[in-house]
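Residue numbering for the sequence shown follows UniProt numbering, beginning at 1 and increasing consecutively.
Glycine residues also receive a C-beta, built at the ideal position from the N, C-alpha and C atoms.
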Amino acid sequence: MAVEVVQFLVRKFVDSLAEEAATAGTEVPFIAQFNNMRAELEKAAISPDNADELRECLYELNDLLAECRMLTNRPNRRLRFFTQPDAWRFSKTKKRVVAVRRRVLQCVGNDAGGDAAASQEDGAAAVGLDRWTTSWLDRSRIHGFDQQLMELESMAFRDCGAGRLAGVGIVGMGGIGKTALAQLLFSSPRARGRFFPRIWMCMSRTACAGADRRREVLQGILMALGHEDDAILSMDGSNSLAELVIAVHEQLKGRRYLIVFDDVWHVDDWYADVVGAGGQNAPPPQRADDWSERLAFGLPKERGGLVVVTSRLKQAAETMVGKSCLHHVQPLCDSESCWAIFKDALSQAKGTVDHATVDSMKQEILETCGGLPSAAKTMGGIFASSSIPSPASTSTSQEISKSGRIITGNNGSLK
1 MAVEVVQFLV RKFVDSLAEE AATAGTEVPF IAQFNNMRAE LEKAAISPDN ADELRECLYE
61 LNDLLAECRM LTNRPNRRLR FFTQPDAWRF SKTKKRVVAV RRRVLQCVGN DAGGDAAASQ
121 EDGAAAVGLD RWTTSWLDRS RIHGFDQQLM ELESMAFRDC GAGRLAGVGI VGMGGIGKTA
181 LAQLLFSSPR ARGRFFPRIW MCMSRTACAG ADRRREVLQG ILMALGHEDD AILSMDGSNS
241 LAELVIAVHE QLKGRRYLIV FDDVWHVDDW YADVVGAGGQ NAPPPQRADD WSERLAFGLP
301 KERGGLVVVT SRLKQAAETM VGKSCLHHVQ PLCDSESCWA IFKDALSQAK GTVDHATVDS
361 MKQEILETCG GLPSAAKTMG GIFASSSIPS PASTSTSQEI SKSGRIITGN NGSLK
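Right, here's the structure in full:
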């Protein structure tokens, strides 16, 4: 069945590229690389031997295409002028494209087709930030969130007892640490001891133009619950959405579960009030067709549970869990935490790093990061992949700015 899932994901990727080609006046970044991977995937022999790796590559590709669509809409992109969040986003997206291209070519047995530049940049790709999210995290590399995690846990766990499904929305600007906070909450001892199953849904995976986003969300939940892939994909008739909602409800019924919807971008009434559609104790729909009207109908509430939503869009989180259940993530106020994140990323450098030079630029680096964990991580990655041969901090800063497409002013801060 893994082969059929890969074939489904290949069609999704190809269809998305076709829609991009039909859109006049726009071109997503790295379109040549995407088309190259499309050509390789269309002629690839998919087998049980390479299906698992190809499936992960295709999830990544669809997420990357969504990321590049966002970059296309940036007003200053044609001038190569970036705001602070866009600077690190473009840099890490480029690295991710290089890395996934290498993986695709290896999977389809055409690794020789990768050019020398791709080979050289492949190692650096691992240093870049990755919006492809899962519930896994390395706690040793998470810094500065202790207080915010305590506040979030207090909000999340206060009303999730029997008979009530609680919800919390984690909102804030890009790169501020929403996903990291959700991961910390998801893997916390309190969550592990209180909820089973715990499900992580990366909503970026479903960001495919023209696809039925609702179906993909439900299919993803069922796959996370261990539902058979062939049974999930067989629900494709006229009432398939209702069937999927009912299947999710039946799988979760009688359980105290935790679901994280990470990186929600779209505001849709179908997702509205997931924690209490019709009231916490309302009976399920009586007519089969009515089940398809709301995601909330697939989330039983009798045993209690928790729904966590992360989004840059405050309205999206409000729609799903309510205005009174939002946690606004703040930039890190502890500069040493930002510095620790930077140094963690810098430690991945394969060559020799002049740490004395880097340390002499500490204040400039911290000011550039602006308390954003992702900016600190990306800056560390840029330093790690750049040569630092001398203690001349000014020339070093200029070189790093060029390699990371970061435009700096006279004082070294991001424009």
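What residue range does the alpha helix (DSSP H) around Cys338 cover?
Taking the sequence shown and counting its residues from 1, one reaches residue 338 at position 338. Residues 335-346.
Name the residue from Ala288, Ser311, Ala242 whose alpha carbon lies nearest to the alpha carbon of Val267.
One-based indexing of the sequence shown puts residue 267 at position 267. The shortest Cα separation from Val267 among Ala288, Ser311, Ala242 belongs to Ser311.
Can you confirm whether the segment 339-346 touches the segment 293-302 when touching is taken to mean that 3 or more C-beta pairs between the two stretches lie within less than 8 Å?
Not touching, per the Cβ criterion.
Mind the definition here: the segment 344-353 touches the segment 373-382 only if three or more C-beta pairs lie below 8 Å; say whether that holds.
Counting Cβ pairs under 8 Å, three or more are found: they touch.
Is the distance from the Cβ of Val171 to the Cβ of Leu152 below 9 Å?
Within the sequence shown, numbered from 1, the residue matching residue 171 stands at position 171. Within the sequence shown, numbered from 1, the residue matching residue 152 stands at position 152. Against a cut-off of 9 Å, the Cβ pair of Leu152 and Val171 comes out as no contact.
Using 10 angstroms around the beta-carbon of Cys369, count the other beta-carbons present and answer buried if the total reaches 16, otherwise exposed.
As a working note, residue 369 is residue 369 in the sequence shown. Cys369 should be labelled buried.
Would you mind giving the Cβ-Cβ distance between Leu218 and Val245, rounded to the nearest angstrom? I have them listed as a contact below 8 Å.
Walking along the sequence shown from the start, residue 218 turns up at place 218. Walking along the sequence shown from the start, residue 245 turns up at place 245. Confirmed, Cβ separation roughly 6 Å.
For Cys202, list the residues DSSP reports as bridge partners.
Walking along the sequence shown from the start, residue 202 turns up at place 202. Partner(s): Asp262.
Measuring straight from C-alpha to C-alpha, what distance separates Ile382 and Ser335?
Residue mapping note: residue 382 aligns to position 382 of the sequence shown, counting from 1. Residue mapping note: residue 335 aligns to position 335 of the sequence shown, counting from 1. Their Cα atoms are separated by approximately 19 Å.
Under a three-way DSSP split, which group does Ala45 fall into?
Start at 1 with the first residue of the sequence shown, and residue 45 comes out as number 45. Correct three-state label for Ala45: coil.
Need the endpoints of the alpha helix (DSSP H) that Ile221 sits in, please.
Translated into the one-based positions of the sequence shown, residue 221 becomes position 221. From DSSP, the alpha helix (DSSP H) with Ile221 extends over 213-224.
Determine whether the beta carbon atoms of Val10 and Glu42 lie at a separation below 9 Å.
Residue 10 sits at position 10 when you count from the first residue of the sequence shown. Residue 42 sits at position 42 when you count from the first residue of the sequence shown. Yes, the Cβ-Cβ distance between Val10 and Glu42 is below 9 Å.
Could you tell me the boundaries of the beta strand (DSSP E) in which Ala288 lies?
Residue numbering aside, residue 288 sits at position 288 when the sequence shown is read from its first letter. Here Ala288 belongs to no beta strand (DSSP E), and DSSP marks it neither H nor E.
Return the residue from the list Asp290, Thr133, Phe195 that minimises the CA-CA distance to Leu252.
As a position in the sequence shown, residue 252 is number 252, starting the count at 1. Nearest of Asp290, Thr133, Phe195 to Leu252, Cα basis: Phe195.
Taking the alpha carbon of Asp262 as the point to measure from, which residue in Ser204, His227, Asp49 has its own alpha carbon closest?
Your numbering for residue 262 matches position 262 in the sequence shown. That would be Ser204, whose Cα lies nearest to the Cα of Asp262.
Expressed to the nearest angstrom, what Euclidean distance is found between the alpha-carbon atoms of Ala384 and Lys362?
Indexing the sequence shown from 1 puts residue 384 at position 384. Indexing the sequence shown from 1 puts residue 362 at position 362. Each residue's Cα considered, the two are about 15 Å apart.
Can the beta-carbon of Ala156 be found less than 9 Å from the beta-carbon of Leu185?
Counting from one through the sequence shown, the residue named residue 156 turns up at place 156. Counting from one through the sequence shown, the residue named residue 185 turns up at place 185. A contact, by the Cβ cut-off of 9 Å.
Does Ala356 come out as helix, strand or coil in the three-state DSSP assignment?
For this step, residue 356 is matched to residue 356 along the sequence shown. Ala356: helix per DSSP, three-state reduction.
Measuring alpha carbon to alpha carbon, tell me which of Ser135, Ile142, Ser360 ends up nearest Ala224.
Locating residue 224 in the sequence shown gives position 224, counting from the first residue. Cα-wise, what sits closest to Ala224 is Ser135.
Using the C-alpha atoms, what's the distance from His355 back to Phe13?
As a first step, residue 13 is located in the sequence shown; it is residue number 13 there, counting from the start. As a first step, residue 355 is located in the sequence shown; it is residue number 355 there, counting from the start. Going from the Cα of Phe13 to the Cα of His355 covers about 43 Å.
Using a 10 Å radius around the Cβ and a threshold of 16 neighbouring Cβ atoms, would you call Phe145 buried or exposed?
The residue labelled residue 145 in the question sits at position 145 within the sequence shown. It is buried - the Cβ of Phe145 has at least 16 other Cβ atoms within 10 Å.
Which residues does DSSP list as the beta-bridge partners of His327?
As a working mapping, residue 327 is identified with position 327 in the sequence shown. Partner(s): Ile170.
By the 10 Å Cβ neighbour count, where 16 or more other Cβ atoms means buried, how is His328 classified, buried or exposed?
Along the sequence shown, read from residue 1 onward, the residue named residue 328 stands at position 328. His328 comes out exposed.
Which partner residues of Phe196 appear in the DSSP bridge assignment?
Residue numbering aside, residue 196 sits at position 196 when the sequence shown is read from its first letter. In DSSP, Phe196 forms a bridge with Arg256.
Compare the beta carbon distance of Cys68 and Val100 with 9 Å and say whether it is the shorter of the two.
For the purposes of this step, residue 68 is identified with residue 68 of the sequence shown, where counting begins at 1. For the purposes of this step, residue 100 is identified with residue 100 of the sequence shown, where counting begins at 1. No; because the gap between Cβ atoms is not below 9 Å, this pair is not in contact.
Could you round the C-beta distance between Leu306 and Ala166 to whole angstroms and report it? I think they count as a contact, below 8 Å.
As a position in the sequence shown, residue 306 is number 306, starting the count at 1. As a position in the sequence shown, residue 166 is number 166, starting the count at 1. Rounded, the Cβ-Cβ distance is 5 Å, consistent with contact.
Based on Cα-Cα distance, which residue from Glu367, Arg198, Ser234, Trp200 lies nearest to Arg215?
Indexing the sequence shown from 1 puts residue 215 at position 215. Selected option, being the one with the closest Cα: Ser234.
Since I believe Leu372 is in contact with Ile176 (beta carbons under 8 Å), could you give me their beta-carbon distance rounded to a whole number of angstroms?
Translated into positions along the sequence shown, residue 176 becomes position 176. Translated into positions along the sequence shown, residue 372 becomes position 372. Indeed they touch by this definition, with Cβ atoms about 6 Å apart.
With a cut-off of 8 Å on the beta carbons, I'd call Val108 and Ala44 a contact; round off their distance for me.
The residue labelled residue 108 in the question sits at position 108 within the sequence shown. The residue labelled residue 44 in the question sits at position 44 within the sequence shown. Rounded, the Cβ-Cβ distance is 4 Å, consistent with contact.
Is it buried or exposed for Cys333, if we count other Cβ within 10 angstroms and need 16 for buried?
As a working note, residue 333 is residue 333 in the sequence shown. Exposed: under 16 other Cβ atoms inside 10 Å.
Do you know offhand how far Lys95's Cα is from Arg102's?
Indexing the sequence shown from 1 puts residue 95 at position 95. Indexing the sequence shown from 1 puts residue 102 at position 102. Taking the straight line joining both Cα atoms gives about 11 Å.
Give me the Cα-Cα distance between Val6 and Lys178, rounded to the nearest whole angstrom.
As a working note, residue 6 is residue 6 in the sequence shown. As a working note, residue 178 is residue 178 in the sequence shown. Their backbone Cα atoms lie some 30 Å apart in a straight line.
Check the DSSP bridge columns for Ser154 and list the partner residues they point to.
Here the question's residue 154 lines up with position 154 in the sequence shown. The partner list for Ser154 (beta bridge, DSSP) is empty, contrary to what the question assumes.
Going along the chain, which residues of its own chain have a beta-carbon closer than 7 Å to the beta-carbon of Val248, five neighbours each way excluded?
Residue numbering aside, residue 248 sits at position 248 when the sequence shown is read from its first letter. So the list reads Leu218, Ile221, Leu222, Gly298, once near-sequence residues are dropped.
Contact defined as beta carbons within less than 8 Å: I believe Val3 pairs with Ala182. What is the distance between those atoms, to the nearest angstrom?
Numbered from 1 along the sequence shown, position 3 holds the residue referred to as residue 3. Numbered from 1 along the sequence shown, position 182 holds the residue referred to as residue 182. 32 Å between Cβ atoms; not a contact.
Closest to Gly254 by C-alpha separation, out of Ser324, Glu243, Ser187, Arg164, would be which residue?
Walking along the sequence shown from the start, residue 254 turns up at place 254. When only C-alpha atoms are compared, the closest one is Arg164.
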